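Single-structure report; data block below.
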Amino acid sequence: MDLLNSFKRAALTVFALTISILSYAQTGKISGTVTDKKTGETLIGVTVKIKGTTKGTSTGADGKYTIAALQDGKFIIEASYVGYATKEVPAVEVNGGGTTTLNLALEESNSQKLADVQVKGVAGKESETALLSLQKNAIEIKQGIGIQELSRKGVSDVEEGLTKITGITKVDGRGLFVRGLEDRYNNLLINGLAVPSNNPFKKIIPLDLFPTDIVSVLETYKTFNSGLYGDFAGGTFNIVTAKGEKAVTKINIGTSFLSNSSFKEFLRPEGETSVGDYFGFPSNDRSIPKVFGKKPSAYTMTANEANSQFDSGFDVEEGNAPLNTNIGILHTQKIRFENNRSFQYLVSINTDNNFQIRKGVDRFFNTAQGIYDNNLYTTKYRFSTNSSLLGAINYATNRLNLNLNAFYLKGTETMIQDQVGYTNSQATVTNSFIRLNQLQKTDFFTGQLFANYKITEDDRHSVRAGASYSKTGYELPDRKSFKGAMLDNNTTSISYTGNSITRQYMDFNGDFFGSGLLEYNFKFGNDDLAKAHKLTVGYNGSFNKIESNFRFLVSQNLASNNATFNTNQPDATLAGQIANGGFTYNEGTGATYLARMQESVNAGYADLSLVIGDKININGGLRVEQSERITRFRNPGTIDDPFVRVTKNNTDILPAVNFKYSVTDKTNLRLSLSKTLTKPVIMEAFPLEFVNPDATIENGNPNVVNSKNYNVDVKYEFFPSNTEMFAITGFAKYLKNPIERLFTPTAGSGGLAITYDNSKKAVLYGAELEFLLQLSRFSESLSNFSVGFNTSLMYTQTTIDKVKNSAETAAIGNENTRKLQGASPWLINADIKHESNFSKNWKSTITLAYNIYGERIYAVGTNGLDNYYEKPFGKLDLIWSNKISSKWDLKFGVENILNPTYKVDLGEKSLVKIYENSLTVKDYKRGVGVSLGLGYTF
Numbered sequence: 002m003d004l005l006n007s008f009k010r011a012a013l014t015v016f017a018l019t020i021s022i023l024s025y026a027q028t029g030k031i032s033g034t035v036t037d038k039k040t041g042e043t044l045i046g047v048t049v050k051i052k053g054t055t056k057g058t059s060t061g062a063d064g065k066y067t068i069a070a071l072q073d074g075k076f077i078i079e080a081s082y083v084g085y086a087t088k089e090v091p092a093v094e095v096n097g098g099g100t101t102t103l104n105l106a107l108e109e110s111n112s113q114k115l116a117d118v119q120v121k122g123v124a125g126k127e128s129e130t131a132l133l134s135l136q137k138n139a140i141e142i143k144q145g146i147g148i149q150e151l152s153r154k155g156v157s158d159v160e161e162g163l164t165k166i167t168g169i170t171k172v173d174g175r176g177l178f179v180r181g182l183e184d185r186y187n188n189l190l191i192n193g194l195a196v197p198s199n200n201p202f203k204k205i206i207p208l209d210l211f212p213t214d215i216v217s218v219l220e221t222y223k224t225f226n227s228g229l230y231g232d233f234a235g236g237t238f239n240i241v242t243a244k245g246e247k248a249v250t251k252i253n254i255g256t257s258f259l260s261n262s263s264f265k266e267f268l269r270p271e272g273e274t275s276v277g278d279y280f281g282f283p284s285n286d287r288s289i290p291k292v293f294g295k296k297p298s299a300y301t302m303t304a305n306e307a308n309s310q311f312d313s314g315f316d317v318e319e320g321n322a323p324l325n326t327n328i329g330i331l332h333t334q335k336i337r338f339e340n341n342r343s344f345q346y347l348v349s350i351n352t353d354n355n356f357q358i359r360k361g362v363d364r365f366f367n368t369a370q371g372i373y374d375n376n377l378y379t380t381k382y383r384f385s386t387n388s389s390l391l392g393a394i395n396y397a398t399n400r401l402n403l404n405l406n407a408f409y410l411k412g413t414e415t416m417i418q419d420q421v422g423y424t425n426s427q428a429t430v431t432n433s434f435i436r437l438n439q440l441q442k443t444d445f446f447t448g449q450l451f452a453n454y455k456i457t458e459d460d461r462h463s464v465r466a467g468a469s470y471s472k473t474g475y476e477l478p479d480r481k482s483f484k485g486a487m488l489d490n491n492t493t494s495i496s497y498t499g500n501s502i503t504r505q506y507m508d509f510n511g512d513f514f515g516s517g518l519l520e521y522n523f524k525f526g527n528d529d530l531a532k533a534h535k536l537t538v539g540y541n542g543s544f545n546k547i548e549s550n551f552r553f554l555v556s557q558n559l560a561s562n563n564a565t566f567n568t569n570q571p572d573a574t575l576a577g578q579i580a581n582g583g584f585t586y587n588e589g590t591g592a593t594y595l596a597r598m599q600e601s602v603n604a605g606y607a608d609l610s611l612v613i614g615d616k617i618n619i620n621g622g623l624r625v626e627q628s629e630r631i632t633r634f635r636n637p638g639t640i641d642d643p644f645v646r647v648t649k650n651n652t653d654i655l656p657a658v659n660f661k662y663s664v665t666d667k668t669n670l671r672l673s674l675s676k677t678l679t680k681p682v683i684m685e686a687f688p689l690e691f692v693n694p695d696a697t698i699e700n701g702n703p704n705v706v707n708s709k710n711y712n713v714d715v716k717y718e719f720f721p722s723n724t725e726m727f728a729i730t731g732f733a734k735y736l737k738n739p740i741e742r743l744f745t746p747t748a749g750s751g752g753l754a755i756t757y758d759n760s761k762k763a764v765l766y767g768a769e770l771e772f773l774l775q776l777s778r779f780s781e782s783l784s785n786f787s788v789g790f791n792t793s794l795m796y797t798q799t800t801i802d803k804v805k806n807s808a809e810t811a812a813i814g815n816e817n818t819r820k821l822q823g824a825s826p827w828l829i830n831a832d833i834k835h836e837s838n839f840s841k842n843w844k845s846t847i848t849l850a851y852n853i854y855g856e857r858i859y860a861v862g863t864n865g866l867d868n869y870y871e872k873p874f875g876k877l878d879l880i881w882s883n884k885i886s887s888k889w890d891l892k893f894g895v896e897n898i899l900n901p902t903y904k905v906d907l908g909e910k911s912l913v914k915i916y917e918n919s920l921t922v923k924d925y926k927r928g929v930g931v932s933l934g935l936g937y938t939f
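Residue numbers (this note's numbering): 2 to 939.
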């Protein structure tokens, strides 16, 4: 019923907006085409406006513009474009509510010629207007956001930028959700080439690591075409990196304050607070002691070894968290030669750091008794750094466009985590204490070479080719913890038995990831190639090789069984205990410590796009994709046992059809049909048992299989002007063997296992509504305002295999259906923008943005417990961007203004009787962030 009401409200909104849009057509317009006076080529992104006002527009992909909602009268028209002289046309008359045609030809300016070399600035296809025009003219359902809009909305990273696209939300620490579907359903390309994730727990590399100044356009595909990889359900993101369209040297610096972190008491590992650590280069060597060798054994350290071979200890430094900071340097250049040849290069260096404190409950339930198994209050002190380096070179002629990119990302995160409460259902012992000291290191490198070449000068025949090499690393070196009792705020007591002290060493090496593509395009059937049919035949594929190594050491009591020490300075006490023969460390690593995974994708595809008259475009394609996943691991036993090999080999035939009917030059109807796949996140299929100090375990399942998805999309879209859009989309998916996250009890007492499995099938369907409106259509007094809004509504139903998923069946009784794990039934993104000119050189944009998602299943419940639900979370941000002069930029932002609580709750329909008053298993507040950024362009 709630979903039906939501659809009714959406329909009423559509009707009201349509009436207002149609009523708008009663006023006059000025329209035309803008071209380069010398070459006659149309220009994209030219600003055309009424002089002395903010009323105007930009030219689209075809170079055309329309300034609408004009009363009768005479106007001075002003056209401006980077690299061209501003042009004014006086006394342009609008009369009788009609359309006045005004074509404009712009001349180049500010060109500096040095012998055979010419240096000048040229605008790219990165403006909001140009991207809206490309969206309108594309056959598939595709959206983009360019550097212009990212800058206006004060966006500093790619992940935040993509949330400005319809149906996409960001979940803190868990990546992007497209149409309510979580990270598992996404895929990532950089310049059309596949890249790996640098984190085995995430499907794609965390996009908040990518600064926006290296981006030209962020493309999002919500419907499949045969040239995309088959791993497609939510969306495929393609980051088109910047090239350097003009000579620019720019430096950005910024700082930010977080209400629940900045200037608050903060803990960091001792010896890891140097300048190097501040920029992501840890001071301490956390490698496993050499005495343990490269192969596990049950070796026990001597007292001397235990006190001398660890480079880092358990001590922490107490202080206060400073402000977060960031700095970025960008240098670009474009050099033009004779005969339309050019050379471009770009160098970008960025680094930032972040101090963050999170406080909240961490619980899980005992499935047999309906009480908390663990009931802990957790405080996390996280200090993270991210650094990036991009180098890009482009060489272009009339027929060749050659690109070479190299991109490196480095991230570190040190975390001190304190948990106080009780474990193992011992509710009478409320001072149990767990201290975790962790360093996470991630590395990502990719090098790309790609090119486009016109076989014939008119571009009737062309080829596109590219290859890339990537290398990733994910480390948790010397992840150490101790468990005991908190005697007071400064004192802890522990015993050396029961693995009370552990030191873990996990290493994921992605030593090789290669991808490539080769594509031939043939345009035929019309001398005007913009209206010609197009045949595309190509290949793309990737190969990935990963190895994990997970070892751990535990405390072993000798002459003593316990110790009491200062919680933040335990090393001296522990060293004394070791020296006196009280305890030592021995290795507890088992046979499962080493695992390898090898994945490959090889696909051929053919795609035919037909242009039928002026109204109809049909795109039909077929992709034949062969994929293989080989996993090698040992079962519990001895480290000399042979590896178990699990092979998943698939050949999938993936068709796709995209249909577009142009009802008018401003209105399109679209239909898309396709079959695709969903592949598991690395960790979901990896045979590794990742153990946390609070007895939670994450287990991969090498028997997980790919999901097969059948997709339908229908879309209506209306573009009343070059800067406005209204659209409504209906979509449906049938998923065979969907992959889902489950919470299950561990084999021993007092533990929770997070694992993954396939359900039988799932069906989902829903609708998206989006619009971008200039408020000048309602009143001239609102001409500085525009509103953007998008929402998704979705219904899902998963069917469970009662035999295969018997543990879950115990949680839902006789029912064999529920909602799809990880899918939100609704989400909303909205923003309102105000643009104004305080003076000739001071331009200001204020944006207020809000997004929220609906309750969804975080993890599937088992053994009589209901599912675990991620509760709605809304985020309100204010961004004020200022262009003070040609040199200075100033940005001010307030993030997460409402500061709601993030929560995960156990559902209310458990078959086991629940005796606890609260069903919340996790909660925290992010805090309100205030940021200030300053940029200077030389």
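The beta-carbon is built from N, C-alpha and C at its ideal position, and this holds for glycine as well. This structure is a prediction, so every number in the text was calculated from the model and none was measured.
Note: Y717 is bridge-paired with L670, I729 in the DSSP secondary-structure output. Measuring C-alpha to C-alpha distances from E273 to each of D312, P197, K38 identifies D312 as the nearest. Residue pairing by DSSP puts R364 in a beta bridge opposite N376.
When secondary structure is reduced to three states using DSSP, Y186 falls in the helix class. The DSSP assignment places complete alpha helix (DSSP H) segments of no fewer than 4 residues inside the region 259-313 at 276-279, 304-309, in order along the chain. Contact between L107 and Y82 holds, with the beta-carbon distance rounding to 6 Å and staying under 8 Å. The alpha-carbon of F523 is positioned some 52 Å away from that of T593. Under the 10 Å beta carbon count, D158 is surrounded by 16 or more other beta carbons and is classified as buried. With fewer than 16 neighbouring CB atoms inside 10 Å of its own CB, P656 falls in the exposed class. Taking the Cα of G236 as reference, the smallest distance to any Cα among P201, I169, F939, M302 is reached at I169. In the DSSP assignment, M416 forms a beta bridge with R383, Q439.
Scanning its chain for C-beta atoms nearer than 7 Å, with the 5 sequence neighbours on each side dropped, one finds around V705 the residues P681, E685, A686, I740, Y757, D758, N759, in chain order. Counting other Cβ atoms within 10 Å of its Cβ, N707 reaches 16 or more and is therefore classed as buried.
For D572, the enclosing alpha helix (DSSP H) has its first and last residue at 572-580. Shortest Cα-Cα distance from H835 to any of F772, L849, P826 involves L849.
Following the DSSP letters along the chain, one finds A70 inside the beta strand (DSSP E) bounded by residues 65-71. When DSSP states are grouped into helix, strand and coil, G422 belongs to the strand group. For A564, the enclosing beta strand (DSSP E) has its first and last residue at 563-567. Excluding five sequence positions before and after T902, the CB atoms of its chain that fall closer than 6 Å to its own CB belong to D924, K926, given in chain order. With distances taken between CA atoms, K291 lies nearest to R552 out of S845, P873, K803, R552. Taking C-alpha positions only, K52 is separated from E79 by approximately 6 Å. Counting only residues of its own chain and dropping the five nearest sequence neighbours on each side, S463 has a CB closer than 7 Å to the CB of N453, Y454, K455, I456, N522. Taking 8 Å as the cut-off, the beta carbon of N387 is found closer than this to the beta carbon of G412. Between the alpha carbons of T301 and P873 lies a gap of roughly 50 Å. In the three-state scheme derived from DSSP, where H, G and I count as helix and E and B as strand, R180 is classed as coil.
The continuous alpha helix (DSSP H) containing I683 extends over residues 683-686.
If you compare the alpha carbons of N868, N253, S780, K65 with that of N351, the shortest gap goes to N253.
In the three-state DSSP reduction, T213 falls in the helix class (H, G or I). In this structure, the beta-carbon distance from N188 to I205 falls below 8 Å. By a beta-carbon distance limit of 8 Å, I45 contacts T60. Their separation comes to about 6 Å. R180 has its alpha-carbon roughly 21 Å from the corresponding atom of K904. Scanning its chain for C-beta atoms nearer than 7 Å, with the 5 sequence neighbours on each side dropped, one finds around Y859 the residues Y869, Y870, E871, V905, in chain order.
The C-alpha of S217 is placed about 29 Å away from the C-alpha of A69. Contact check for G64 and T100: beta-carbon distance about 17 Å, past the 8 Å limit, so the pair fails to qualify.
Shown here, A592 sits in a helix according to DSSP, grouped into three states. Using a 10 angstroms sphere on the CB of N406, the tally of other CB atoms reaches 16 or more, which defines it as buried.
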